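Undergrad: If you scroll down you'll find the structure; I have some questions about it.
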Amino acid sequence: MHNRYPNEGMSLIVKTITRFTVWLIFLFGLYIFLHGHLTPGGGFAGGVIIALSYVHLTLAYGRNYVNDVLKKSTMHSLEALASLLAVLVGIIGLYAMGHFLQNFMGVGQLHHLLSAGYIPVMNMLICVKVGMGLYLVFYYLASYHLEEGK
Amino acid sequence: MTLYLMCFFLFLVGVYGAITKRDLIKIILAIGIMGYSVNLFLVLIAYRSGALAPILKEGISVPMVDPIPQALVLTSIVIELGITALMAALAIRIYEKYDTLDITKIRRLKG
Amino acid sequence: MPVDVWLYFILSIMIIGSIACLEIKNILSSIITIGIVGLGLSIAFLFLGAPDLALVQFVFEILCMIILIRAFSKRSLKITALKRDIPETVIAIVILVSIFVLSIFAFKDLPSFGQPIVRVAEKYLTQAGVETGAQNIVTSVILNYRIYDTLGELTVLFTAILGALTVLRKIGRKKRNA
Numbered sequence: 043m044h045n046r047y048p049n050e051g052m053s054l055i056v057k058t059i060t061r062f063t064v065w066l067i068f069l070f071g072l073y074i075f076l077h078g079h080l081t082p083g084g085g086f087a088g089g090v091i092i093a094l095s096y097v098h099l100t101l102a103y104g105r106n107y108v109n110d111v112l113k114k115s116t117m118h119s120l121e122a123l124a125s126l127l128a129v130l131v132g133i134i135g136l137y138a139m140g141h142f143l144q145n146f147m148g149v150g151q152l153h154h155l156l157s158a159g160y161i162p163v164m165n166m167l168i169c170v171k172v173g174m175g176l177y178l179v180f181y182y183l184a185s186y187h188l189e190e191g192k
Numbered sequence: 114m115t116l117y118l119m120c121f122f123l124f125l126v127g128v129y130g131a132i133t134k135r136d137l138i139k140i141i142l143a144i145g146i147m148g149y150s151v152n153l154f155l156v157l158i159a160y161r162s163g164a165l166a167p168i169l170k171e172g173i174s175v176p177m178v179d180p181i182p183q184a185l186v187l188t189s190i191v192i193e194l195g196i197t198a199l200m201a202a203l204a205i206r207i208y209e210k211y212d213t214l215d216i217t218k219i220r221r222l223k224g
Numbered sequence: 427m428p429v430d431v432w433l434y435f436i437l438s439i440m441i442i443g444s445i446a447c448l449e450i451k452n453i454l455s456s457i458i459t460i461g462i463v464g465l466g467l468s469i470a471f472l473f474l475g476a477p478d479l480a481l482v483q484f485v486f487e488i489l490c491m492i493i494l495i496r497a498f499s500k501r502s503l504k505i506t507a508l509k510r511d512i513p514e515t516v517i518a519i520v521i522l523v524s525i526f527v528l529s530i531f532a533f534k535d536l537p538s539f540g541q542p543i544v545r546v547a548e549k550y551l552t553q554a555g556v557e558t559g560a561q562n563i564v565t566s567v568i569l570n571y572r573i574y575d576t577l578g579e580l581t582v583l584f585t586a587i588l589g590a591l592t593v594l595r596k597i598g599r600k601k602r603n604a
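Chains as they are written, first to last, in the working numbering: chain D, 43 to 192; chain H, 114 to 224; chain Y, 427 to 604.
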């Protein structure tokens, strides 16, 4: 993506290295939450690793560039939408199976990637929610400037 | 039992920091230490000697540790970070308003 | 080496690190030193058979340190509270030491390390694979058996983040300055 703010952030060396590493961190986060029902990890760890990839980008490129990549308002919407969808999954379980948040997608075969019913879906929602929420906290805490000398 | 006592000692170090320190950042860190020791205590008490992590393996059955305290601690770790962020935000606002982080000087806690 | 020997070592480092974190006078060093406690806790979780918790604790510790450093280190904070109130500190230490001595009697009744008496786990350990289809039992507990708990946790996290964003919002600040 074209960088409209070339003077912000850290030096050229850091930016060049970041261009290679940030995708690896993001991919690792995706792996962690997609395999949450098979290996250690899950939505919380995956969400924080994805938030850390955005933090990495923010520290290297400055926060205006990250706002170009993914708008802040989009992050707010994604966070709220994930919470809403989690409740919606519960309501679907209520109508399909008779109990709130009951598994309505079957169990599947043990030890396979596509198994465990709605656990991967909930992992995905938790990942989006935790990642976006914690990144937003970082963003606001980091960009809150005090009026010095007031 | 010595491990439990050491874990409790870690908790008491956190309590000591929270009640004697005057700096707001130190108090936030002390509350974090108390949270760490509680998490560690829950997992310590669930450990079974010679047991493995609670992940099923194909074909073989091995003794595994208790998964329920781990699930509770997972919940607690996530909430701790949210609370730390909330406390940091409040501390920044307090610093902006009073120009100090010394809790003995923050007298006017109103408005 | 057996697990407890490693844990004595890690817990000693964590106690030393926590005392150092509370006594160091520089704020940045203090925040970095708390990383000793958090990362030591992560290693302790690995020895205790909880790789999920080790991973989560590790990444949350890193994010916590980044948030605290970005929040506090860039501002020209005046370092406060260097002089301490001697009688207050002495009274606190005396009370805490007496609590520690009393706790020795309380901890005697707990099951010794390595022999838990929890029996609920047996059902989860044998049935979780069949009932939920998840290979990782911790995930099947937090996302299937106790998912209502997790939903409540998400609500708490949402509220905490919302509170932080509300405290830091810019509109209110502008209105007050005007």
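Where a beta carbon is used, it is the ideal one built from N, C-alpha and C, also for glycine. Quick caveat: nothing in here was measured; it's all calculated off a predicted structure.
Write down the C-beta distance between Met440 (chain Y) and Leu467 (chain Y) rounded to the nearest angstrom, noting that I regard them as a contact closer than 8 Å.
TA: 7 Å
Undergrad: Starting from Thr515 (chain Y), find everything on chain H with Cβ-Cβ shorter than 9 Å and list it in chain order.
TA: Around Thr515 (chain Y), the beta-carbon contacts reaching into chain H at under 9 Å are Tyr129, Thr133.
Undergrad: Based on the DSSP secondary-structure assignment, which residues constitute the bridge partners of Leu165 (chain H)?
TA: H:Met177
Undergrad: Are the CB atoms of Leu99 (chain D) and Val108 (chain D) nearer to each other than 8 Å?
TA: yes
Undergrad: Using the C-alpha atoms, what's the distance from Phe121 (chain H) back to Asp535 (chain Y)?
TA: 15 Å
Undergrad: How would you list, in chain order, the residues of chain H whose beta-carbon sits under 8 Å from the beta-carbon of His79 (chain D)?
TA: Going along chain H, no residue has its Cβ under 8 Å from His79 (chain D), so there is no contact; the nearest lies around 10 Å.
Undergrad: Can you tell me which of the three DSSP states Lys192 (chain D) falls into?
TA: The pLDDT assigned to Lys192 (chain D) is 37, lower than 50, so where the model puts this residue is not dependable; a value taken from the coordinates is nonetheless given after this. Three-state result, Lys192 (chain D): coil.
Undergrad: In the DSSP assignment, find the alpha helix (DSSP H) that holds Val482 (chain Y) and state where it starts and stops.
TA: Val482 (chain Y): member of the alpha helix (DSSP H) spanning 477-498, first to last residue.
Undergrad: Nearest by alpha-carbon distance to Ile442 (chain Y): which of Y:Ala586, Y:Leu522, Y:Ser456 is it?
TA: Y:Ser456
Undergrad: For Asn562 (chain Y), does the three-state DSSP call read helix, strand or coil?
TA: strand
Undergrad: Would you identify the three-state DSSP class for Asp511 (chain Y), choosing helix, strand or coil?
TA: coil
Undergrad: If you follow the alpha helix (DSSP H) that Pro162 (chain D) is part of, which residue opens it and which one closes it?
TA: It spans 161-184 - the alpha helix (DSSP H) in which Pro162 (chain D) sits, taken as one unbroken run.
Undergrad: Answer with buried or exposed for Ala532 (chain Y), where buried requires no fewer than 16 other C-beta atoms within 10 angstroms of its C-beta.
TA: exposed
Undergrad: In whole angstroms, give me the CA-to-CA distance for Pro182 (chain H) and Pro48 (chain D).
TA: 48 Å
Undergrad: On the three-state DSSP scale, how would you describe Gly466 (chain Y)?
TA: helix
Undergrad: Would you say Glu171 (chain H) lies against chain D (beta-carbon separation less than 8 Å)?
TA: yes
Undergrad: Would you say the beta carbon of Ile469 (chain Y) comes nearer than 7 Å to a heavy atom of the ligand NAD?
TA: As for the ligand NAD, it is missing from this structure, which has no ligand bound.
Undergrad: Quick one: which chain H residues come within Cβ less than 7 Å of Leu471 (chain Y)?
TA: Just to set this straight, residue 471 (chain Y) is Phe in the shown sequence, not Leu. Correct list: Val156.
Undergrad: Using DSSP with H/G/I as helix, E/B as strand and the rest coil, what is Gly589 (chain Y)?
TA: helix
Undergrad: Touch check for the segment 119-136 of chain D and the segment 549-562 of chain Y: three-plus C-beta pairs under 8 Å?
TA: no
Undergrad: Buried or exposed: Tyr434 (chain Y), going by 16 or more other Cβ atoms within 10 Å of its Cβ?
TA: exposed
Undergrad: Tell me the rounded alpha-carbon separation between Val179 (chain D) and Gly89 (chain D).
TA: Rounded to the nearest angstrom, the two C-alpha atoms are 14 Å apart.
Undergrad: Do Tyr117 (chain H) and Leu522 (chain Y) count as a contact pair if the criterion is CB distance below 8 Å?
TA: no
Undergrad: Whole angstroms is fine: what's the gap from Lys192 (chain D)'s alpha carbon to Ile450 (chain Y)'s?
TA: For Lys192 (chain D), the pLDDT reaches just 37, beneath the cut-off of 50, and the residue's location in the model is therefore unreliable, leaving the point undetermined.
Undergrad: Are three or more beta carbon pairs between the segment 551-567 of chain Y and the segment 156-164 of chain H nearer than 8 Å?
TA: no
Undergrad: Let me see if you follow: with CB-CB separation under 8 Å, is Lys139 (chain H) close to chain Y or not?
TA: It does; some Cβ of chain Y falls within 8 Å.
Undergrad: What residues in its chain sit with their C-beta under 6 Å from that of Asp215 (chain H), if we drop five residues either side in the sequence?
TA: Contacts found: Arg135.
Undergrad: Using a threshold of 8 Å, state whether the C-beta atoms of Ala518 (chain Y) and Leu153 (chain H) are closer than that.
TA: Taking 8 Å as the cut-off, the Cβ atoms of Ala518 (chain Y) and Leu153 (chain H) do not count as close.
Undergrad: When burial is assigned at 16 or more other CB atoms within 10 Å of the CB, is Tyr149 (chain H) buried or exposed?
TA: buried
Undergrad: What did DSSP end up calling Arg540 (chain Y) once you bin it into helix, strand or coil?
TA: At residue 540 (chain Y) the sequence reads Gly, which differs from the Arg that was named. Reduced to three states, the DSSP call for Gly540 (chain Y) is strand.
Undergrad: Kindly list the residues whose CB is nearer than 6 Å to the CB of Ala446 (chain Y), restricted to its own chain and excluding five residues on each side of it in sequence; keep chain order.
TA: Thr459
Undergrad: Would you kindly work out how many angstroms separate the C-alpha atoms of Ala166 (chain H) and Ala158 (chain D), rounded to a whole number?
TA: Between Ala166 (chain H) and Ala158 (chain D), the alpha-carbon positions lie close to 19 Å from each other.
Undergrad: Taking only beta-carbon positions, decide if Ile519 (chain Y) is within less than 8 Å of chain H.
TA: So, interface residue.
Undergrad: Residues of chain Y with CB closer than 9 Å to the CB of Arg220 (chain H), please, in chain order.
TA: Within chain Y, no residue comes near Arg220 (chain H); the closest Cβ sits about 14 Å away, beyond 9 Å.
Undergrad: Tell me whether Asp136 (chain H) sits in a helix, a strand or coil according to DSSP, three-state version.
TA: strand
Undergrad: Return helix, strand or coil for Asp212 (chain H), following the three-state DSSP convention.
TA: Here Asp212 (chain H) carries a coil assignment [DSSP, helix/strand/coil].
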